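Worksheet: the structure to be examined is printed underneath.
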Amino acid sequence: MMVSILPVLIAACLSAYCVSSGSVLATPESLPATFQVHSNSSDICLLIQFHVNLSVVYTKASHPPIHVLINSANRGKFNSTGLCSERKETLQLTWTQNNTVADWSLVFNFSQHDKSNYNLNEISLHFELVNLPGLRNASSNQSLISCPVGSFYSCKAEQNLVLNSSYPSPVTINLAVSQLKVEAFRNGAKPEFNGIMVECALDSGLNKLVPTIIGISLAVMIVIALVIFIVTSQRHRIRGNGGDYQQI
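In mature numbering (1 follows the signal peptide of the UniProt record, and there is no 0), the protein residues as written are -21 to -1, 1 to 227.
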């Protein structure tokens, strides 16, 4: 009976490895949403795929935080528009937020300073609060992506940003982006990421770490199973060969 423990543990480890490597089917809520911006022709100039978690937290007032998720399950709630030009491309996602008069919008601005590279140089949020009517703005101006033209950027790991206002704000705005793929200043009508994939530093470290952890866990579980099997076999052998022993 104990012989069956070993294959069971091995199967459990392999199952855990499959889950960690993303080979199992994911739910729609965990899958990224895909958006396109078209030029005047049928070409797609900007193609982006991501999972976004936007959090708006009040710093002083006792109001509950506001959470906005963007994924494949609720992609239809967001109206996407954009701009294609020689040096600048923009994706704007607009949606109706609960109990507000004005719509909210999240804007991603890409720029191309030369013909060899493009950057995601700004993310901004235009929003309205229920208790404080009137549009407000918050943004992050740090360079988030740098990628050669003709290639696409990929980052599965979660990246966290703080969107700041140029004036005092009653809220703190955090933006978490994961499962990101983006190709800007592109040509072609097919919604496919082309060229060489530029991987973020977070992913390159994670891809090396996860198999190592899984491999160590698998080895430890196999050793434990072997020890249990050997100890149990010896006990059965002693009972079979020695008969009944009188304990002192």
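Glycine is no exception: its CB is placed at the ideal position from the N, C-alpha and C atoms.
Remember, it's a predicted structure, so these values are computed and weren't measured experimentally.
Assigned exposure category for residue i - 16 Cβ within 10 Å defines buried
i	result
Q121	exposed
E162	buried
I27	buried
R66	exposed
I209	exposed
V150	buried
Beta bridge counterpart(s) of residue i as assigned by DSSP
i	result
G61	L70
L197	L197 is not bridged to any residue.
H105	S84, N116
I45	V35
V16	L25
N173	Answer is none; N173 lacks a bridge partner.
I124	L99
E202	Looking at the sequence itself, residue 202 is Val, so the reference to Glu does not match. Beta-bridge pairing links V202 to no other residue.
Nearest neighbour of residue i, chosen from the options [CA to CA]
i	options	result
T75	D93, S84, N88, T38	S84
G167	S21, P11, V199	S21
T60	R218, N110, L72, V199	L72
F87	S51, V31, S183	V31
S64	P43, D82, K56, S90	S90
N50	H105, S157, L181	S157
C179	C126, E171, H215	C126
Contact set for residue i: own chain, Cβ-Cβ below 6 Å, skip 5 residues either direction
i	result
L123	L99
A155	N32, E137, N139
V177	C126, S130, Y132
P11	Q28, F29, H30, Q158
Below-8 Å beta-carbon distance, residue i vs any chain C residue
i	result
T60	Among the chains of the structure shown, chain C does not appear; only one protein chain is present.
Coil, strand or helix - residue i by DSSP
i	result
S148	coil
F29	strand
S212	helix
A136	coil
K56	helix
R218	helix
M(-20)	With a pLDDT of 45 at M(-20), under the threshold of 50, the modelled position of that residue is not reliable, and no figure is offered here.
R40	Note that residue 40 is Ala in the sequence shown, not Arg. Coil at A40, not helix or strand.
Same chain, Cβ closer than 7 Å to residue i, five either side skipped, listed in chain order
i	result
Y146	none
8 Å Cβ shell around residue i - same chain, five flanking residues per side excluded
i	result
N19	C63
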